[in-house]
Amino acid sequence: MPNSAFKIATRLYFSEQAEHRQSKPAVRVALAGMIVGVLVMILTICIVVGFKQTVTAKVAGFGAHIQVVSFDNNNTYDLQPIEVSDSMLTQLASFPHVVQVAPFITKTGMIKTDSAFQGIVLKGTDYWSFFERNLMEGVLPVEPNEVLISRIMANRLQLGVGQSVLAYFVDGTDYRVRRFKIVGLYDTGFAQNDELFVVTTLSTARPLLSTFNSKLSTNIFSGVEVLIDDFAYLDQVADDIYFATVRRMDENGYNVYFVQTLQDQNPAIFAWLDLLDMNVIVIIILMLLVAGFNIVSGLIILILDGVQLIGTLKALGADNRFVRHIFLIQASWLIAKGVLWGNIIGLALVALQYFTHLMPLDPATYYVSFVPVVFPWGWLLLLNMLTIGLSLLILLLPSMIISHISPAKVMHFE
Numbered sequence: 012m013p014n015s016a017f018k019i020a021t022r023l024y025f026s027e028q029a030e031h032r033q034s035k036p037a038v039r040v041a042l043a044g045m046i047v048g049v050l051v052m053i054l055t056i057c058i059v060v061g062f063k064q065t066v067t068a069k070v071a072g073f074g075a076h077i078q079v080v081s082f083d084n085n086n087t088y089d090l091q092p093i094e095v096s097d098s099m100l101t102q103l104a105s106f107p108h109v110v111q112v113a114p115f116i117t118k119t120g121m122i123k124t125d126s127a128f129q130g131i132v133l134k135g136t137d138y139w140s141f142f143e144r145n146l147m148e149g150v151l152p153v154e155p156n157e158v159l160i161s162r163i164m165a166n167r168l169q170l171g172v173g174q175s176v177l178a179y180f181v182d183g184t185d186y187r188v189r190r191f192k193i194v195g196l197y198d199t200g201f202a203q204n205d206e207l208f209v210v211t212t213l214s215t216a217r218p219l220l221s222t223f224n225s226k227l228s229t230n231i232f233s234g235v236e237v238l239i240d241d242f243a244y245l246d247q248v249a250d251d252i253y254f255a256t257v258r259r260m261d262e263n264g265y266n267v268y269f270v271q272t273l274q275d276q277n278p279a280i281f282a283w284l285d286l287l288d289m290n291v292i293v294i295i296i297l298m299l300l301v302a303g304f305n306i307v308s309g310l311i312i313l314i315l316d317g318v319q320l321i322g323t324l325k326a327l328g329a330d331n332r333f334v335r336h337i338f339l340i341q342a343s344w345l346i347a348k349g350v351l352w353g354n355i356i357g358l359a360l361v362a363l364q365y366f367t368h369l370m371p372l373d374p375a376t377y378y379v380s381f382v383p384v385v386f387p388w389g390w391l392l393l394l395n396m397l398t399i400g401l402s403l404l405i406l407l408l409p410s411m412i413i414s415h416i417s418p419a420k421v422m423h424f425e
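Numbering (the working numbering), first residue to last: 12 to 425.
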């Protein structure tokens, strides 16, 4: 019997007569509603996941996912120096999901030209992958006193590649002047950090840290940055690092290590990103309701259009369950077609934005210059399964209409 129901439903849905039914326009409207619902859900997930990943990567590019710093840091860039031994670096690199461990040095100061000045954070590092991806002009620093500044800072101070600039660093009553050569310009689109960070090598930044703190040891840094391969494991890795450093002593026998995550350093940004999750949930619920309503209306139209067939089948001995199967299978073809075309159009639009960046954004507001998109295949698969499953479940109730159609009344229908 199930095979017979499938054959009848398939012939009814794909027959040439189906193209000329009076209910065809209404079914097409229901199909269009299904396609639009799936399309909007796909765009929402691809854009929101892409946006969160892009912004998180940009924030992590300036400060990594996790930092091990001095316990007495007061959440500033002038960090108290800590001892970072080779054994500590090896231990941190051994934790699951850790892909990079990098000591760094930061020092606040000011750049001054003949016509302007700018407060800065000088960051010394020997890991350049993030800035290499965002390098707009020139090269990365290699030689002593070479620095990389942002395009925003260069425009504001009217500086360019190849020029020299004076930088002033103060610590209490002590100060020091350094002359840096600008060898490159970067632009991450993250304005609040671009207008602040001047980047150089560890060897260039070390004399500033050592001079002000009278520590000449080569294993003294402002802290250690830890990059991980999956942001979902941030808290887990941070806990592992915390328990590994909470009892570690420095060269003077003091426990000075403190672990902070990207979310601890940028609570406002991540609170804003978390709000996007709520928007996604609301949009998906609304679109599922729209898709469900349209598919229900499509099934009801198919039932009303096939009421004479229902009466005939019942007169020939078919029970309600068999007849319901026929119309549920027809509705399933409608669902499959709507989901398929929704995926095709949605993924095509996502691919268009991914390769062309047609939709721009204001980086001063959104931290990116265009709408970022990704292809989160796991989430997309789950979305399609949820859409199909809920649509089929919703169809069970309107299909009960069939049980109230009797052969005796069919002849009076219309």
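Where a beta carbon is used, it is the ideal one built from N, C-alpha and C, also for glycine. Values in this document were obtained by computation on a predicted structure and should not be read as measured data.
- Item | Span separating the alpha-carbon of Val-38 from that of Asp-240 | Roughly 47 Å between the two C-alpha positions.
- Message: Using the three-state DSSP reduction, which class does Leu-407 fall into: helix, strand or coil?
- Response: Residue state, collapsed to three classes: coil.
- Chain-order list of residues whose beta-carbon lies under 7 Å from that of Glu-206 (same chain, five-residue window excluded): Closer than 7 Å at Cβ, skipping near neighbours: Ser-161, Ile-163, Met-164.
- Member of Val-95, Gln-91, Val-51, Phe-106 whose CA lies at the smallest distance from the CA of Ile-252: Per the C-alpha coordinates, the member of Val-95, Gln-91, Val-51, Phe-106 positioned closest to Ile-252 is Phe-106.
- Task: Whole angstroms is fine: what's the gap from Gln-274's alpha carbon to Phe-281's?
- Result: If you take the alpha carbons of Gln-274 and Phe-281, they lie about 6 Å apart.
- Query: What first and last residue would you give for the beta strand (DSSP E) that runs through Thr-87?
  - Reply: From DSSP, Thr-87 is part of no beta strand (DSSP E); its letter is neither H nor E.
- Query: Tyr-186: buried (16+ other C-beta within 10 angstroms of its C-beta) or exposed?
  - Reply: Flag for Tyr-186 reads exposed.
- Query: Would you report the Cα separation of Leu-407 and Trp-390, rounded to the nearest angstrom?
  - Reply: If you take the alpha carbons of Leu-407 and Trp-390, they lie about 26 Å apart.
- Task: State buried or exposed for Ile-122, treating a residue as buried only when at least 16 other CB atoms are found within 10 Å of its CB.
- Result: It counts as buried.
- Continuous beta strand (DSSP E) stretch holding Ala-113: start and end: If you look at Ala-113, you'll find it in the beta strand (DSSP E) that goes 109-123.
- Query: How should Arg-335 be labelled, buried or exposed, when 16 other C-beta atoms within 10 angstroms of its C-beta is the threshold for buried?
  - Reply: Result: buried.
- Item | Cβ shell of Ile-294 (< 6 Å), same chain only, five flanking positions each side left out | Cβ neighbours of Ile-294 within its own chain (closer than 6 Å, five residues either side excluded): Thr-55.
- Query: Touching or not, the stretch 91-105 and the stretch 172-181, by the rule of three or more beta carbon pairs under 8 Å?
  - Reply: Judged by pairs of C-beta atoms under 8 Å, the stretch 91-105 does not touch the stretch 172-181, as fewer than three such pairs exist.
- Residue range of the alpha helix (DSSP H) that Glu-154 falls in? Per DSSP, Glu-154 belongs to no alpha helix (DSSP H) and is neither H nor E.
- Query: For the alpha helix (DSSP H) that contains Tyr-378, what are its first and last residues?
  - Reply: No alpha helix (DSSP H) contains Tyr-378, which DSSP labels as neither H nor E.
- Message: Among the candidates Val-49, Leu-213, Val-70, Val-257, whose CA atom is the shortest distance from the CA of Asn-277?
- Response: For the residues Val-49, Leu-213, Val-70, Val-257, the minimum Cα distance to Asn-277 belongs to Val-70.
- May I have the straight-line CA-CA distance separating Phe-115 from Val-80, to the nearest angstrom? Going by the C-alpha atoms only, they are around 10 Å apart.
- Message: Pop quiz: Gln-111 and Leu-238 are said to be a contact at Cβ under 8 Å. What is the actual Cβ separation, rounded to whole angstroms?
- Response: In this structure Gln-111 is in contact with Leu-238, their Cβ atoms being roughly 4 Å apart against a cut-off of 8 Å.
- Query: Looking at the structure shown, is Ala-178 part of a helix, part of a strand, or coil, going by DSSP?
  - Reply: Looking at Ala-178 - three-state DSSP - the assignment turns out to be strand.
- Minimum C-alpha distance to Arg-189 - residue among Phe-201, Thr-215, Gln-341: The residue among Phe-201, Thr-215, Gln-341 with its C-alpha nearest the C-alpha of Arg-189 is Thr-215.
- For Leu-196, does the count of other Cβ atoms within 10 angstroms reach 16, so buried, or fall short, so exposed? By the Cβ neighbour-count rule, Leu-196 is buried, with 16 or more other Cβ atoms within 10 Å of its own.
- Where does Asn-305 land, buried or exposed, given buried means 16+ other C-beta within 10 angstroms? Per the 10 Å Cβ criterion, buried.
- For the stretch 158-217, which segments carrying the beta strand (DSSP E) assignment without a break, of at least 3 residues, lie completely within its bounds, in sequence order? Qualifying beta strand (DSSP E) stretches, in chain order: 175-182, 185-197, 208-211.
- Write down the C-beta distance between Thr-101 and Pro-152 rounded to the nearest angstrom, noting that I regard them as a contact closer than 8 Å. Contact flag wrong, Cβ pair sits at about 27 Å.
- Message: For Thr-272, report the span of its beta strand (DSSP E) as first-last.
- Response: Start and end: 268-272.
- Message: Using the Cβ count rule (16 or more neighbours within 10 Å means buried), how would you classify Val-47?
- Response: Flag for Val-47 reads buried.
- Message: Please tell me whether Tyr-268 and Arg-258 are closer than 7 Å, where the distance is taken between their beta carbons.
- Response: Cβ atoms of Tyr-268 and Arg-258: not closer than 7 Å.
- Item | Asn-290 versus Met-52, Val-40, Leu-392, Pro-36, residue with shortest Cα-Cα distance | Among Met-52, Val-40, Leu-392, Pro-36, the Cα nearest to that of Asn-290 belongs to Met-52.
- Task: With distances taken Cα to Cα, identify the nearest neighbour of Thr-124 among Asn-166, Ala-113, Lys-118.
- Result: When each option's Cα is compared against that of Thr-124, the closest is Asn-166.
- How would you call Asn-150, buried or exposed, if buried means at least 16 neighbouring beta carbons within 10 angstroms? Looking at the sequence itself, residue 150 is Val, so the reference to Asn does not match. Residue environment analysis places Val-150 among the exposed positions, since fewer than 16 neighbouring C-beta atoms fall within 10 angstroms of its C-beta.
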